[in-house]
Every structure is written in structure tokens, then in C-alpha cells.
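Inspection log for the structure reproduced underneath, given as C-alpha cells.
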Amino acid sequence: MVYKKTPLMTDKVLSYCPGCGHGTAHRITMEVVEEMGIQEDVLGVAPVGCSVLAYEFMNVDMSEAAHGRAPAVATGMKRLWPNKLVFTYQGDGDLAAIGTAETIHACNRGENITIIFINNGIYGMTGGQMAPTTLEGMKSSTSPFGREADIMGHPLKITELIAQLPGVYSVSRHAVHKPAAVRKAKRAIRKAFEDQLAKKGTTFIEIVSNCNSGWKMTPVKSNEWMEEHMFPFYPLGDIKKDGKLVK
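Quick note: the sequence shown, position 175, residue 174 per numbering that gives the first Met the number 0, numbers continuous.
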């Protein structure tokens, strides 16, 4: 057998757009939970945006949260049940826009949680509007001629900002568009979970993904565009490892 679906993914058919990276990110997260044998001790938080659907597909205890408030909900969970593994699963509009305060302050406190951040540079669920992570010159429904930094501000590298905070133990950026990238992302998620169980502090995984629907491209073209435009601005790799910034 080449591949067997983890039982920690439900039998519900994924409702994400064909070619979206969310399904792969879900799968590797649940594979890690299965391989670690911790299903009964995992609590996930899914807020608003495409990521809100995670609770339909991940066969672990999940809680919804108001838009942007996942780190606050996760903080409460972890403080009530310190021996549980608690993770949030958030998009860029959720984490880096309406949830900026919750994200930064949870990380600054060093809450012993794991944040999984899907960055596709756009608001995927609500019509393809410009997000904090939308690249300069990138078109969206609210920046039809491309993002203009002097009017709309610069793209926000929220992951690099978070890495500066002393309460954050590890930060890395990955992708799930190719098998090798998927394997690296999965290893990073496992290490983040292991570090949380070892009470190291906040662990943060960014996954740069495509939004072929929002970008108005085929899945293949959107992945090519992501490699050409997103990766230079959001480079993959470790940003902070074992409490130390990677130079």
C-alpha cells in the first residue's frame, strides 16, 4: 500500500476548492497526532475564515472561536488543561488582521500552545479581498490594480515579528505544494507539538499556500505563481529554533 488515510481525518469530503493547500495541511497535522498517539489529549481551535471548516475534517476535539480570537481561546484551554496539546489553525486574515492583538500578546506571554498559520495572501472565504499578507502589486477584489504600499501599507511579515518575542520558542515557515515540502512541514509540526509537550513555550508554524480561486488561476499556475512571487518575500525555513533566532 502506498498511502492510507489517517483515521484522524473524518470521512466527510473536503469542501475546499480543488488545488487548495488546506486539505494537505489538515492531513499532515492529523498524521502527526496519530503517529504520536495523542488523539485523546489534543484540543484544536478553528476560528473564522476557510480554517473554520477544520472541525469538520479533523477527528479530534475541536472548538470554534470568534474571528481572530483563537489564541485567546487556546490560552484558556491550555491553562485549564495544561497537560493537553492545544493548537490553533488560522488563516492570514484571521491571525494577522482582526486577530493581531490576540496573536502577538499570546506569543509575548509565551503561552504553551502551537499556532498553525496558513498564509495565502488573500481573504479566501469572503470574496478574495486584500489581506495583511497580500504582496505589493498583487491584485485582489479590493485592490484590483494591485496593492499600493503608499496607500494600503506594506505586506505584513507577522511571522518575523512574532519570532522576536522572547516567549516564542520556535518559528518556521513551510509549504505543502510538493512532496518534499509536505515532508518538511510535517516534521516541523511534529517538533512543534513535541516542544509544546516539553513545555518550551509558544511554537509557531507558517504554511505558505495558494488560493487558486482567489488568485483567479488554475491550481498548477497558482503553485507556480506562489513559488515565483510568494517564496521570495516569505522565504521557507527556520526563523527561530530552540529559542534562538536563525541568522
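All C-beta atoms, glycine included, are put in the ideal place defined by N, C-alpha and C.
Note that this is a predicted model, so its numbers are computed, not measured.
One thing to note: A184 has its Cβ no nearer than 8 Å to the Cβ of I37.
Just so you know, the alpha carbons of L79 and R146 end up roughly 42 Å apart. By the neighbour-count definition (other C-beta atoms within 10 Å, threshold 16), H173 is a buried residue. Relative to the Cα of L84, the nearest Cα in the group T202, K246, F192 belongs to F192.
Beta-bridge pairing by DSSP links L84 to V41. Each of V47, E205, G123 was checked against the Cα of L160, and the nearest Cα belongs to E205. Burial state of M0 is exposed, judged by a 10 Å Cβ sphere holding fewer than 16 other Cβ atoms.
Bounds of any alpha helix (DSSP H) do not take in N209, whose DSSP letter is neither H nor E.
Under the three-state reduction of DSSP, T9 is assigned to coil, being neither helix nor strand. Check the Cα spacing between L155 and each of D237, K215, L134, R108: the tightest is with L134.
For the set S171, H176, P178, A179, the Cα lying nearest the Cα of K190 is the one of S171. When the Cα atoms are used, T87 and F116 turn out to be separated by approximately 8 Å. Per DSSP, the unbroken alpha helix (DSSP H) holding D149 starts and ends at 148–151. In this structure, the straight-line span from the alpha carbon of V12 to that of Y168 is close to 35 Å. The segment 152–237 contains, as complete alpha helix (DSSP H) runs of 4+ residues, the segments 157–162, 178–196, 211–214, 218–224 (chain order). With distances taken between CA atoms, K240 lies nearest to A162 out of A162, R182, N222. The closest CA to that of I97, considering only M124, I103, G67, N119, is found on G67. Taken atom to atom, the span from the alpha-carbon of A130 to that of S140 is near 10 Å. Note that the C-beta distance between A64 and V44 is below 8 Å.
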